[in-house]
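J.: Attaching a single structure in structure tokens format; questions to follow.
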Amino acid sequence: ETTMMDGMMIASREFFKRPLEDKKRYTNLIGGEQFQFEGYGNDQVRSPDQILDWSDRLYLKVEPEDERRIALWPTHPENFGDILHNFTKKCGGVKDDLLLAMAKLLKLDDDNYFVDQLGEKAETNVRCSYYPECPRPELVFGLKPHCDGTVLTLLMVDDSVGGLQVLRDGVWWDVPIVPHTLLVIIGDQTEIMSNGFFKSPVHR
């Protein structure tokens with residue numbers, strides 16, 4: 001639904017526009033040092049030689065609902081939590097429909113094969129990413145080349161700023177901007193479960 005997608009995009013933009021001190025209330029650093037996946041900040045730095053991503057991110061677990069760390073959910077805009085909850089519920093329906101269709105495509109005996117593999121406590125995480133302007137953009141990636149370790153990623157891209165690329169046959173292809181579209185990225189877990197029929201693409 002376009003209204004819901006617009007609402008999620010506006011809410012995430014509003015959060016990233018907040019002063020840094022406000023955003024730090026949701027930091028992903030415990031005691032300013034120890035990294036945790038959830039919260040606001042940058043991705044983990046494991047070594048001084050690491051190539052860093054040029055990206056701020058807000059990373060939140062939304063399912064299972066009883067494992068949400070609400071203290072890390074922004075309260076500005078005020079309706080951020082409601083928007084995120086409703087958006088991810090709708091995305092969950094898309095995810096289930098996709099997994100059913102993929103099982104049918106493979107002519108599996110059970111259309112629920114992939115859905116059942118997730119179990120009753122399947123995790124759903126949300127990552128809102130913001131890529132600040134960079135004075136030397138030729139030296140950085142917003143996110144360096146990687147595959148997703150997930151089952152599926154549903155990606156809502158910016159409606160006017162591109163940059164996403166997918167690697168195919170040694171060539172990086174630009175992903176076109178299509179407003180109000182969810183881009184589906186197959187994750188490593190699905191490639192494994194499908195015995196390689198569905199591929200987890202390298203992207204950046």
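Taking the UniProt record's numbering, I'd label the letters of the sequence shown as residues 1 to 204.
Built from N, CA and C at the ideal position, the CB exists for glycine as well.
These numbers come from a predicted model, not from an experiment.
1) Helix, strand or coil: which one does DSSP assign to residue 35?
2) From this set, 149, 92, 130, which residue's C-alpha is nearest residue 162's C-alpha?
3) How many angstroms separate the CA atom of residue 90 from the CA atom of residue 182?
4) Quick check: the Cα distance between residue 22 and residue 155, rounded to an integer number of angstroms?
5) Going by the DSSP bridge assignment, what does residue 53 pair with across the sheet?
6) Give me the residue from 50, 29, 98 with the minimum Cα distance to residue 58.
7) Buried or exposed, going by whether 16 or more other CB atoms sit within 10 Å of the CB of residue 71?
8) Can you confirm whether the region 141-149 touches the region 193-202 when touching is taken to mean that 3 or more C-beta pairs between the two stretches lie within less than 8 Å?
9) Could you give the uninterrupted runs of the beta strand (DSSP E) lying entirely in the region 57-139, keeping only those of 3 residues or more?
10) On the DSSP letters alone, give me the boundaries of the alpha helix (DSSP H) that residue 20 sits inside.
11) Could you give the residue range of the alpha helix (DSSP H) that holds residue 174?
12) What's the C-alpha gap between residue 211 and residue 99?
T.: With the structure as the only source:
1) strand
2) Nearest of 149, 92, 130 to residue 162, Cα basis: 130.
3) Their backbone Cα atoms lie some 11 Å apart in a straight line.
4) In this structure, the alpha-carbon of residue 22 lies about 26 Å from that of residue 155.
5) Answer is 141, bridged to residue 53.
6) Here the closest residue by C-alpha is 29.
7) Answer is exposed; the Cβ neighbour count stays below 16.
8) yes
9) 124-130
10) Membership of residue 20 in the alpha helix (DSSP H) is indicated by the continuous run 20-23.
11) Element bounds for residue 174: not the alpha helix (DSSP H) but the beta strand (DSSP E), 171-174.
12) Any property of residue 211 remains undetermined from this structure, which presents the chain solely from 1 to 204.
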